[in-house]
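Below is one structure, written out as structure tokens, with a few remarks after it.
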Amino acid sequence: MKKTLLCMLLPVITWSLFADEAPDLRAARGLFEKNLDAIVRHDRDAYAATYVHDSRFAVATQSRLDRDAASFFGGEPGWPDTFEATDLDLVRVAPGVVYGTYRYRITYEDGEHAGIAQRLFIETSGGWKIAVTGAVDSPPGTPPPPRAIVGATLVDGRGGAPVANANVVIRSGRIDCAGTAAQCPVPEGIEVTDAKGMWLTPGLIDAHVHFSQTGWADGRPDALDVRASHPYERVEAELEAHPERYARSYICSGVTSVFDVGGYPWTLRLAERFKSDTLAPRVVAAGPLLSTLDHWLNLAAERQFIAITTEETAQLGVRYLVSKGAKAIKVWYIVSPDLPVEKNAAVVAAAGDEAQRARLPLIVHATGLAEAKASLRAGAKVFVHSVEDLPLDQEFLDLAKQNGTIVIPTLTVIDGYVRMFRGVADRKAPSVDDPNHCVDRATLARVAETATVDASLVKAENLARREARQARFNKVTRENLATLVRAGIPIATGTDAGNPLTLHGPAIYAEMEAMQASGMTPMQVIVASTATASRAMGTDAETGTIEKGKAADLVLLGADPTKDVSNFRRIRFVVRAGEIRDIAYLSKLAE
240 MKKTLLCMLL PVITWSLFAD EAPDLRAARG LFEKNLDAIV RHDRDAYAAT YVHDSRFAVA
300 TQSRLDRDAA SFFGGEPGWP DTFEATDLDL VRVAPGVVYG TYRYRITYED GEHAGIAQRL
360 FIETSGGWKI AVTGAVDSPP GTPPPPRAIV GATLVDGRGG APVANANVVI RSGRIDCAGT
420 AAQCPVPEGI EVTDAKGMWL TPGLIDAHVH FSQTGWADGR PDALDVRASH PYERVEAELE
480 AHPERYARSY ICSGVTSVFD VGGYPWTLRL AERFKSDTLA PRVVAAGPLL STLDHWLNLA
540 AERQFIAITT EETAQLGVRY LVSKGAKAIK VWYIVSPDLP VEKNAAVVAA AGDEAQRARL
600 PLIVHATGLA EAKASLRAGA KVFVHSVEDL PLDQEFLDLA KQNGTIVIPT LTVIDGYVRM
660 FRGVADRKAP SVDDPNHCVD RATLARVAET ATVDASLVKA ENLARREARQ ARFNKVTREN
720 LATLVRAGIP IATGTDAGNP LTLHGPAIYA EMEAMQASGM TPMQVIVAST ATASRAMGTD
780 AETGTIEKGK AADLVLLGAD PTKDVSNFRR IRFVVRAGEI RDIAYLSKLA E
């Protein structure tokens, strides 16, 4: 079994694991360590000292051997922002000659590059040197080499007892086996990650996100209007152009899949856009929302809210979404004195019928008990919010059981709004809950800008009303969550990320902790955040649990999440489609 070398702007690890190697191999490995250490430290002289500087030097390109040593050593090296080397393999081809390859992963400003590098090490009168070097990027979607994670305590996402000292073998980005060492022996010759003292869980799943919102006020001018400094059209254009900044934050936070449950049509293209990107989560998207309220928050040429005011418009709306590739039909069921539940129940039912004909799930935003029950009669399969106005009654529970409905309680999003308004009123930037430093600099700058927003935009009486609503909301939604759990209604985790101060990625920690504080056991929260969230997305055949054949989307933690879900903050490694990345490497990408 081979061991892993990880170099990520950190001191290079020692090679005591290989002390029993033949002298030639040990010498070549030691030189390789010096070479990598120089890259990590951006030490040009030390880097150059690992190479020969005569006619034996060559760079192996894709088309030829380049022997121009002066050019190679004369310019300023293009140091990567991060550097990682794994799967080092050395072979002695002759006395004093060793050939080696390794798998690299580096990042520059233009993104991440990965591939295979080769080195030819030779013994010279001045010691061991590198004579030939070269690297070739792998095509997008190339699966990682086989890998085994050994020694962790395995929490499989299905609610069963954890398995101590477990092994997981990964091939072609999928789980080949998982269990005890006897159940899942490690094949010879594959890369091994020693995870003793860690806990291994499925990757987290946030089943309620919005890529077309920023995590601050500029994405929700209907709540706090900052369009004078941040024109909404420009904000949305930037979101469409650069969704990867949120994708990186999700992966860095241990979230390997997300369900985008409402946004502009471009969100429907994210699944394909991120298909081969293991620095992005798997995405399932619903696209534009069908809304009982003709909401104004749209662009001149594109809508994220499609008004449905008649049964016919509801049917047409569903057909439009189907034609655009939506994977679910989302209804924003808004009521008011002028828009009572009864007025729109038939419209929502028509949307549900059309969704059923299209074999797509009906997912609903319904925060009042009356409209929630009307949605269940219409066939709702997923609620993305808890009922917040009244305690749940037996009729709701019976209808939910009959439908097999999953409820995503979304407990903490209102806290973000209140913190933002309080920050504006107090002219103080809110704190950012980001324990692994995953949030990108642009988002952090927006949050800091809260302190400079015109305080007159937040009236004292409005803030008081919001804080009073927050208290009522927290009481009712947490009591209703406890009722749902007692009744056996499946619960999934979702944050409503993208709303103000509900930040893409790390928002999941506070949400999971709120679910636990509402009476769910840590294991119930883990299942809600993995297996059941995957069911809500419709991806449970692929993700959500650790079992043979499923995607190797995993998280390694430094503390036991079955004791307290706050231990999900203590990420050590994230695995996405078999690609394992250290949290230090992932955090560096946000800088």
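The sequence shown begins at 240 in our numbering and counts up by one. Cβ coordinates follow ideal geometry from the N, Cα and C atoms, glycine included.
Item, Value
"The beta strand (DSSP E) enclosing R358, as first and last residue numbers", "G350 to T363"
"Exposure label - L742; buried when at least 16 CB within 10 Å", "buried"
"Under 7 Å between C-beta atoms of I785 and A486", "no"
"Contact between the region 755-767 and the region 474-483 (3+ Cβ pairs under 8 Å)", "no"
"Residues of its chain near S530, where Cβ-Cβ distance is below 8 Å and the 5 sequence neighbours each way are ignored", "F544, I545, A546, I547, V570, W571 and I573"
"Sequence-distant residues of the same chain with beta carbon closer than 7 Å to E781, five excluded per side", "K789 and A790"
"DSSP three-state assignment for K242, whether helix, strand or coil", "Interpretation of K242 is limited by its pLDDT of 38, a score under 50 that renders its predicted location unreliable; the figure taken from the coordinates is listed afterwards. K242: coil per DSSP, three-state reduction."
"Residues of its chain near L825, where Cβ-Cβ distance is below 6 Å and the 5 sequence neighbours each way are ignored", "C491"
"Backbone CA spacing between L393 and R705 [nearest angstrom]", "42 Å"
"R397 versus A476, A467 and A731, residue with shortest Cα-Cα distance", "A731"
"Residue from D821, K827 and P648 with nearest C-alpha to A753", "P648"
"Own chain residues within Cβ distance below 6 Å of V561, not counting five before or after", "A597"
"DSSP three-state assignment for C491, whether helix, strand or coil", "helix"
"Local Cβ density within 10 Å of R303, reported as buried at 16 or more and exposed below that", "exposed"
"Through-space distance from E627 to A710, alpha-carbon basis", "11 Å"
"Contact under 7 Å by Cβ, A775 with I645", "yes"
"Status (buried if at least 16 other CB within 10 Å, exposed otherwise) for P579", "exposed"
"Expected contact under 8 Å - CB spacing of G737 and G526 to nearest Å", "Contact flag wrong, Cβ pair sits at about 15 Å."
"Inter-residue Cα distance where the pair is G783 and E427", "28 Å"
"Where the beta strand (DSSP E) through A308 begins and ends", "Where A308 is concerned, there is no enclosing beta strand (DSSP E), although the alpha helix (DSSP H) it sits in stretches over A308 to G313."
"Among T801, F812 and R815, the one whose alpha carbon lies nearest that of V402", "T801"
"Inter-residue Cα distance where the pair is V251 and K273", "A caution first: V251 carries a pLDDT of 31, below 50, which makes its placement in the model unreliable, though a value can still be read off. Distance between the alpha carbons of V251 and K273 is about 9 Å."
"Contact the region 460-469 vs the region 406-425: 3+ CB pairs below 8 Å", "no"
"Selection from A400, G354 and V407 that minimises the alpha carbon distance to P383", "G354"
"Buried versus exposed, by CB contacts within 10 Å (16 or more), A261", "exposed"
"CA-to-CA distance, T517 to A816, given in whole angstroms", "7 Å"
"Helix, strand or coil at Y338 according to DSSP, with G and I counted as helix", "strand"
"Paired residues, beta bridge with G842 - DSSP", "No statement about residue 842 is possible, as the shown extent of the chain runs from 240 to 830 and does not include it."
"Nearest-angstrom Cα separation, counted from V603 out to V623", "6 Å"
"Rounded distance between the beta-carbons of D499 and V522, thought under 8 Å", "6 Å"
"Own chain, CB closer than 7 Å to Y471, minus 5 neighbours either side, in chain order", "P460"
"Contact set for L249: own chain, Cβ-Cβ below 8 Å, skip 5 residues either direction", "Low per-residue confidence applies at L249: pLDDT is 31, beneath 50, and the placement is therefore not dependable enough to give any value."
"Span separating the alpha-carbon of G317 from that of A829", "20 Å"
"7 Å Cβ cutoff met for A524 and T506", "yes"
"Coarse secondary structure for L478, derived from DSSP in three states", "helix"
"Reduced DSSP category for S496 - H, G, I as helix; E, B as strand; rest coil", "strand"
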